[in-house]
Amino acid sequence: MLDQKVADLLNTQIEKELYSAYLYLDFANYFEAEGLDGFANWYTIQTMEERDHAMLIRQYMLNNDCKVKLLPIDAPASGYKNYEEPLKGALEHEEYVTKLINTIYTAAQEAKDYRTIEFLTWFVKEQGEEEKNANDMIRKYELFGTDPKGLYALNTELRGRVYAAPSLVLD
Numbered sequence: 384m385l386d387q388k389v390a391d392l393l394n395t396q397i398e399k400e401l402y403s404a405y406l407y408l409d410f411a412n413y414f415e416a417e418g419l420d421g422f423a424n425w426y427t428i429q430t431m432e433e434r435d436h437a438m439l440i441r442q443y444m445l446n447n448d449c450k451v452k453l454l455p456i457d458a459p460a461s462g463y464k465n466y467e468e469p470l471k472g473a474l475e476h477e478e479y480v481t482k483l484i485n486t487i488y489t490a491a492q493e494a495k496d497y498r499t500i501e502f503l504t505w506f507v508k509e510q511g512e513e514e515k516n517a518n519d520m521i522r523k524y525e526l527f528g529t530d531p532k533g534l535y536a537l538n539t540e541l542r543g544r545v546y547a548a549p550s551l552v553l554d
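According to the working numbering, the sequence shown is numbered sequentially starting from 384.
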């Protein structure tokens with residue numbers, strides 16, 4: 384059985400990961416409506432990844448005999464002023480999620496819950512990748528996105544992203 388504080392934080396993290404999926408689906412919807420199917424593809428895949436993160440945490444909790452309580456998921460704020468706003472919103476959100484993961488990691492350390500620390504190590508690495516990807520999207524948009532031909536090329540590049548399920552062994 385997991386430490387109660389750790390279990391509560393993990394349970395809350397499921398909701399946060401599902402909110403992340405909602406947020407990225409909202410970004411995908413926005414870009415699709417704007418005719419940028421590559422950007423929409425990128426964020427649709429992000430949606431699937433965030434859903435996977437929630438499911439991994441859920442399964443970890445179940446594997447450790449913890450009850451999972453599904454919490455309400457807020458709707459993301461919609462209505463973006465320009466293409467860059469969702470990109471910057473994604474970076475801000477990933478930085479927030481990194482703080483949440485770090486909080487759970489710290490709680491697991493304090494509880495000497497080495498199994499959960501090991502489990503969270505994948506998420507710590509994943510958050511580094513998520514923040515880098517969000518930064519890269521902003522940088523590429525700033526370099527190429529304001530030029531129509533550059534935006535077209537960037538959109539075409541993003542259309543090529545494919546979904547890959549996470550390969551994490553759960554205890």
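Even glycine gets a Cβ: it sits at the ideal position worked out from N, Cα and C.
Here the C-alpha atom of residue 510 lies approximately 18 Å from the C-alpha atom of residue 522. In the structure shown, residue 455 adopts coil according to DSSP, grouped into three states. Closest option to residue 399, judged by alpha-carbon separation, among 487, 420, 449: 487.
Taking 4 residues as the minimum length, the alpha helix (DSSP H) runs contained wholly in the stretch 423 to 499 are 467 to 493, in order along the chain.
Here residue 543 is exposed, its C-beta having fewer than 16 other C-beta atoms within 10 Å. Between residue 402 and residue 457, the C-beta spacing is below 8 Å. Residue state for residue 420 is assigned as helix, using DSSP reduced to three classes. Taking a 10 Å sphere around the C-beta of residue 469, we find 16 or more other C-beta atoms and assign the residue as buried.
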